[in-house]
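Chemist:
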Amino acid sequence: MYISKYFILLLISLLSACTFETSKIPPETETSDKNSTSTVTPDNNSQFIENLVENYLQKTQVKTKVNLTLPEAQKIQNQFVAEISKSLGPVVGYKAGLTNQKAQASFNVSQPLRGVFLEKMLLQNGSVISAKLGSRPIGEGDLIMRVGSAEINNAKTPRETLKYLDAVIPFIELGDLVYSQDIKLDAPALLAINVGARTGILGEPIPVADTDEWENRLKSLRIEMLDENGKVLASGNGTDLLGNPLNVVLWIKNSLQAEGKELKKGDLLSLGSMTSFIPVKSNSTIRARYIDLEPNKTVEIFVKFE
């Protein structure tokens with residue numbers, strides 16, 4: 017009988033110890049295999065960057081949530097661009113996103129975001145391309161200014177930048193939102209994917225001059241985005257770009273200098289969208305018509321989608 021009691025007490029002790037040890041297993045260890053959606057953080061981004069590059073090049077949607085600050089997202093963008101440039105060529109310019117107050121308010125930021133354009137991203141007017149140019153492609157009416165001199169880095173005001181710009185270029189940006197629709201696209205998420213840069217259509221450069229007339233022309237220009245039948249899909253004005261397109265030029269210059277970088281002659285500066293997003297569809301055409309960009313002349317560029 018004593019042996020029986022001793023055996024029972026020993027068994028209870030062993031079971032209690034097992035229960036105690038099991039209770040120390042972290043909950044995430046027990047359930048980690050059930051998580052189907054990962055979240056990228058500053059301490060866990062190497063796999064995200066690898067996946068992001070693969071998704072971008074294969075034009076498939078990213079399904080990873082992003083929990084980053086803007087400086088952290090900028091570091092990811094730098095690594096992302098370094099990888100895709102192996103396929104798409106060197107940096108030929110910069111793009112500003114969220115260059116109007118409504119867009120900034122919707123993303124809870126007080127200034128634009130900056131990305132880069134790589135050589136093979138930019139196509140000529142009239143190009144025919146696949147409507148599946150990205151995983152979530154969009155079109156928008158944009159404008160590019162070309163740097164004519166590295167002296168622009170010394171400019172202190174928007175008006176001064178005009179001295180060092182040699183051309184304005186009509187531009188249809190064809191961006192890519194990249195992420196799956198069920199992933200919240202906040203400002204750091206957008207910054208991490210290079211502000212959605214994918215491709216775009218360049219018009220012919222129009223020489224600019226350091227005059228009040230040209231500054232006013234840039235502010236007062238109007239853009240209309242049309243389909244193949246002439247239906248207006250969206251429209252906007254030069255003042256939609258931070259109130260003055262030259263304000264965006266100065267912002268890009270200042271944001272680069274804050275990181276120890278400078279503009280150089282020939283850099284292309286995409287100033288952001290003057291219109292709402294336009295869906296990209298197969299067997300369609302998007303045209304951008306610029307009114308008052310050149311005196312007594314309407315400038316138009318277009319792209320066709322297969």
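In our numbering, the protein residues as written are 17 to 322. Backbone N, C-alpha and C define an ideal beta-carbon position, used for all residues, glycine too. From a predicted model like this one, the values you see are computed outputs, not experimental measurements.
1. Can you find the residues in the same chain that come closer than 8 Å, C-beta to C-beta, to VAL264, ignoring five residues on each side of it along the sequence?
2. What does the alpha-carbon distance come out to for the pair VAL211 and GLY131?
3. Hey, could you find the ends of the beta strand (DSSP E) LEU249 is sitting in?
4. Give me the Cα-Cα distance between CYS34 and ILE199, rounded to the nearest whole angstrom.
5. Give the C-beta separation of VAL319 and TYR195 to the nearest angstrom, bearing in mind that I take them to be a contact with Cβ-Cβ under 8 Å.
6. By Cβ distance below 7 Å, which residues in the same chain neighbour ALA250 in space, the five residues on each side in sequence not counted?
7. On a CA-only basis, which of ALA213, LEU181, GLY219, PRO261 is nearest LYS280? Give me that one, please.
8. Tell me where the alpha helix (DSSP H) around SER122 begins and ends.
9. Out of LEU68, PHE64, LEU84, GLN90, state which residue places its alpha-carbon closest to the alpha-carbon of LEU272.
10. Just the Cα atoms here: how many angstroms apart are ASN83 and SER146?
11. With DSSP run on the structure shown, which of helix, strand or coil describes PHE293?
12. By Cβ distance, which residues of its chain are closer than 7 Å to VAL125, with the 5 residues on each side in sequence left out?
13. What residues in its chain sit with their C-beta under 8 Å from that of ILE65, if we drop five residues either side in the sequence?
14. Could you tell me if VAL323 is buried or exposed, where buried requires 16 or more neighbouring beta carbons within 10 angstroms of its beta carbon?
15. Are the beta-carbon atoms of LEU134 and ALA213 separated by less than 9 Å?
16. At the level of alpha carbons, what is the spacing between ASN71 and ALA274?
Modeler: According to the structure shown:
1. Within the sequence shown, numbered from 1, the residue matching residue 264 stands at position 248. So the qualifying residues of the chain are ALA112, THR115, PRO128, LEU257, LEU258, LEU285, LEU287, GLY288.
2. Stepping through the sequence shown from its first residue, residue 211 is reached at position 195. Stepping through the sequence shown from its first residue, residue 131 is reached at position 115. Looking at the backbone, the Cα of VAL211 and that of GLY131 are separated by about 5 Å.
3. For the purposes of this step, residue 249 is taken as residue 233 along the sequence shown, with counting starting at 1. First-last of the beta strand (DSSP E) with LEU249: 248-253.
4. Locating residue 34 in the sequence shown gives position 18, where the first residue counts as 1. Locating residue 199 in the sequence shown gives position 183, where the first residue counts as 1. Low local confidence applies: a pLDDT of 40 at CYS34 is under 50, so the model's placement there is unreliable, with the coordinate-based value given in what follows. Our two residues, CYS34 and ILE199, have alpha carbons roughly 41 Å apart in a direct line.
5. As a first step, residue 319 is located in the sequence shown; it is residue number 303 there, counting from the start. As a first step, residue 195 is located in the sequence shown; it is residue number 179 there, counting from the start. Incorrect: roughly 24 Å between the Cβ atoms, too far for contact.
6. As a working note, residue 250 is residue 234 in the sequence shown. Excluding residues within five positions, the ones whose Cβ falls inside 7 Å are GLY157, MET241, THR291, SER292, ILE294.
7. For this step, residue 280 is matched to residue 264 along the sequence shown. The residue with the shortest Cα to Cα distance from LYS280 is LEU181.
8. On the sequence shown, residue 122 is found 106 positions in, with the first residue counted as 1. Taken as a continuous stretch (DSSP letters only), the alpha helix (DSSP H) holding SER122 covers 117-122.
9. The residue labelled residue 272 in the question sits at position 256 within the sequence shown. Taking only the C-alpha atoms, the option nearest LEU272 is GLN90.
10. Locating residue 83 in the sequence shown gives position 67, where the first residue counts as 1. Locating residue 146 in the sequence shown gives position 130, where the first residue counts as 1. Taking the straight line from one Cα to the other gives about 33 Å.
11. On the sequence shown, position 277 is the one that residue 293 refers to. In the three-state scheme derived from DSSP, where H, G and I count as helix and E and B as strand, PHE293 is classed as coil.
12. Residue 125 sits at position 109 when you count from the first residue of the sequence shown. So the qualifying residues of the chain are LEU114, ALA203.
13. Here residue 65 corresponds to residue number 49 of the sequence shown, with the count starting at 1. Cβ within range, chain order: ILE92, GLN95, PHE96, GLU99.
14. Beyond the ends of the chain as shown, which are 17 and 322, falls residue 323; an answer cannot be given.
15. Counted from its first residue, the sequence shown places residue 134 at position 118. Counted from its first residue, the sequence shown places residue 213 at position 197. Between LEU134 and ALA213, the gap from beta carbon to beta carbon is short of 9 Å.
16. Along the sequence shown, read from residue 1 onward, the residue named residue 71 stands at position 55. Along the sequence shown, read from residue 1 onward, the residue named residue 274 stands at position 258. In a straight line, the C-alpha of ASN71 is about 31 Å away from that of ALA274.
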